[in-house]
Every structure is written in structure tokens, then in C-alpha cells.
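The numbering of the sequence shown is this note's numbering, which starts it at 6 and goes up by one. Notes for the one structure printed next.
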Amino acid sequence: MAIYSTAAEILSFHSSQDRGERGLEDIARSMADKVEAVTYDQALGWLRDHQFDVLEAPGVSNRVFLKKYNVSAAIQRDEDGGIRLFAKPGYLLGSEIARLVDKGYQKFLKTTKKEIPATADHLKAIHNFSEELKEATGSISLYNEGLGTVSDRYMYDRVEDRDEPKSVRPVRPWEKKSGNKQ
């Protein structure tokens with residue numbers, strides 16, 4: 006491919022290639038028109054075909070819990086027959102879905118009863134489950150989520166407790182006044 010020195014030369018090259026074709030906006034618009042929403046029943050069929058355990062939620066109609074790779078989430082049918090995520094994907098610790106918490110130096114799996122360091126296997130399982138769930142439900146897959154696992158909460162030590170009033174916040178080590186003045 007030739008190297009062009011000005012934007013005008015680049016535009017004239019591309020416009021000469023696109024003669025007789027629709028503009029990029031028309032192409033993008035026609036592609037968007039072809040996307041069909043996935044129904045709840047279609048998603049359940051896809052999930053079952055791809056080895057997800059699908060468990061009906063007790064006492065609630067049109068809501069199911071999904072499980073694969075020891076990761077779980079819940080989806081439900083919305084008013085239009087589509088899909089709504091009820092519980093985000095999380096690793097199963099006992100019978101609870103753990104939330105992924107990033108503390109800056111380490112990711113943790115946290116439930117109401119315990120918190121454990123997340124391993125690479127945990128993160129890979131959550132990531133794979135999330136990507137497959139997006140494919141089944143027709144959800145968009147964002148670039149940053151495609152790179153790896155995204156945490157539910159970010160609790161870096163310098164950010165923790167910043168939403169509290171200053172009078173209630175703990176004194177940080179870098180905020181302490183030193184007694185040794187030289």
C-alpha cells in the first residue's frame with residue numbers, strides 16, 4: 006500500500022475505491038438493522054446446548070439460575086419476552102455467588118460469610134462464563150471486558166472510606182504527623 010502525505014490524498018484514494026458503493030454510515034445502519042434481539046427461550050436453548058446447568062428459581066416464574074465452571078448467574082424474562090440479568094456472574098463459594106473485589110494489589114472473592122484471594126483459575130472461569138453468557142443473550146461484549154475479568158467493586162486502600170465524612174475516616178499512614186523533626 007502506498008504512503009500518502011496528506012489527508013486529501015487519503016480521502017481521494019478511499020473515495021475512488023468506494024465509487025458505486027454506499028457510504029460507511031449507510032453500511033453501518035444496514036448492519037444494525039440486521040441484528041435481532043434474542044428471546045428468553047432462544048437464550049435458554051443456547052445455554053442448555055452449551056452445557057450450562059439451568060435451574061428454575063424456586064417460587065418465581067421466568068427466572069433461572071445458570072451454572073458452569075463453578076460460576077453462577079441468574080437471568081429472567083422481561084416484559085417483552087427478552088432477557089434481563091438478575092444476578093451478575095460470580096464464582097460459587099459454598100452456596101453463595103461471590104462478588105469479585107479488586108483491592109489494587111489483589112482480587113478477592115467475597116460473600117456475606119467469607120473473603121478469599123481469587124486465583125487465575127477463578128478469574129478465567131468467571132471470564133469464560135461471562136463471555137458465553139453474553140453470546141447466549143446477545144449482549145454486547147466490550148473491549149475492556151474481552152481483555153480479562155472485570156471486578157464488581159474496586160476498593161483500593163487510598164479510596165476506601167472516602168465516602169465517609171472526614172471526621173469519621175481513619176487516619177492513613179501518610180497522613181500521620183511524625184514526632185521526629187530534624
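Every residue, glycine too, gets a C-beta built ideally from N, C-alpha and C.
For residue 64, which beta-bridge partners are listed by DSSP?
According to DSSP, residue 64 bridges with nothing at all.
Nearest-angstrom Cα separation, counted from residue 86 out to residue 52
17 angstroms
Distance check for residue 178 and residue 97, CA to CA, integer angstroms please.
36 angstroms
Check whether the region 57 to 73 touches the region 108 to 119, taking contact to mean three or more Cβ pairs, one atom from each stretch, closer than 8 angstroms.
no
Is the beta carbon of residue 74 less than 8 angstroms from the beta carbon of residue 125?
no
Would you mind sorting residue 109 into buried or exposed? The rule is 16 or more other CB atoms within 10 Å of its CB.
exposed
Quickly, what does DSSP pair residue 98 with across the bridge? List them, please.
101
Expressed to the nearest angstrom, what Euclidean distance is found between the alpha-carbon atoms of residue 104 and residue 112?
10 angstroms
Can you tell which of 134, 93, 114 and 83 has its C-alpha closest to the C-alpha of residue 99?
114
Do you know how far the Cα of residue 147 is from the Cα of residue 106?
20 angstroms
Quick one: grab the DSSP three-state call for residue 175.
coil
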